[in-house]
Amino acid sequence: MLRLLATACLAAVLAAPMALAQDWLVDPEASSVTFEATAFNSPVTGEFADFGAEIRLDPDDLSDARIDAVVRTGSARMSNDNYQAAVTGAGGLNPGDHPAARFLSTDVTRSGDGYEARGDLTINGRTREVALPFTLDITGSRAVAEGAFAIDRGDFGVGGPDWSDVDQQVTIRLHIEAEAAD
């Protein structure tokens, strides 16, 4: 009888649905990380060509959610050669000394119709807490997330006196498509 009860309990535990966070693999060809600022009273945009992330997220149980995203700062691309040189130079993102920027979430929560990832953003060796609101649509094994947040570039040591015609605020926009990992 004891053996039958133990077997029944084990079967019940194994059959119970487990709330495990899903790992997601970013599709870099379908995803984008862009940025926008204002220079000389005109919008200026760019994108990062090299980025990736380790994402663990179950929208029904955010307790184990984790986002660890890295952008290669030297991969910033802008259509204007002067802006390109400034952004990827020593006074900009400084990829020679700081080849990557990183966002590491500390908390992911529901927020209105979407979500919010709070975490530490490190650019140029300077770390600040940021909040990233985003939407998430999961269809089958494919997830699409859209989000945007603004930073003060001065908080991260981006730009100097010769950047006086560039607004301090930079908006970063994310379009991330990912496949569920097996």
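Numbering (mature numbering (1 follows the signal peptide of the UniProt record, and there is no 0)), first residue to last: -21 to -1, 1 to 161.
All C-beta atoms, glycine included, are put in the ideal place defined by N, C-alpha and C.
The structure displayed is predicted, hence computed values, not measured ones.
Supposed contact pair L41 and V87 - C-beta distance, whole angstroms, cut 8 Å: 5 Å
7 Å CB neighbourhood of V66 in its chain, flanking five on each side removed: G25, A55, M57, L72
S54 in three-state terms, based on DSSP: helix
When I130, F27, E15 are compared against P78, the one with the closest alpha-carbon: F27
Contacts around F19, its chain only, beta-carbon distance under 7 Å, and the 5 residues preceding and following it disregarded: D144
Expected contact under 8 Å - CB spacing of A80 and I102 to nearest Å: 4 Å
Strand pairing of T150, partner residues [DSSP]: E15, A129
Nearest residue (CA-CA) to T150, options V5, T17, E8, A9: T17
Cutoff 6 Å; reference L48; Cβ partners in own chain excluding five residues on either side: Here residue 48 is Ala; the residue named in the question, Leu, does not match the sequence. Excluding residues within five positions, the ones whose Cβ falls inside 6 Å are A32, F82.
Cut-off 6 Å between Cβ atoms - residues of its own chain near T61, not counting five sequence neighbours on either side: Correcting the residue identity first, residue 61 is Asn in this sequence and not Thr. Same-chain partners within the cutoff: there are none.
Of the listed residues A110, S120, I117, nearest to I130 (C-alpha basis): A110
Minimum C-alpha distance to G119 - residue among T13, E156, T52, F14: E156
F14 versus R152: straight-line alpha-carbon distance, rounded: 6 Å
Per DSSP, the bridge partner or partners of P38: In DSSP, P38 forms no bridge with anything.
Cross-strand partners of S21 (DSSP beta bridge): A18
Cβ neighbour criterion (16 or more within 10 Å) applied to R132: buried
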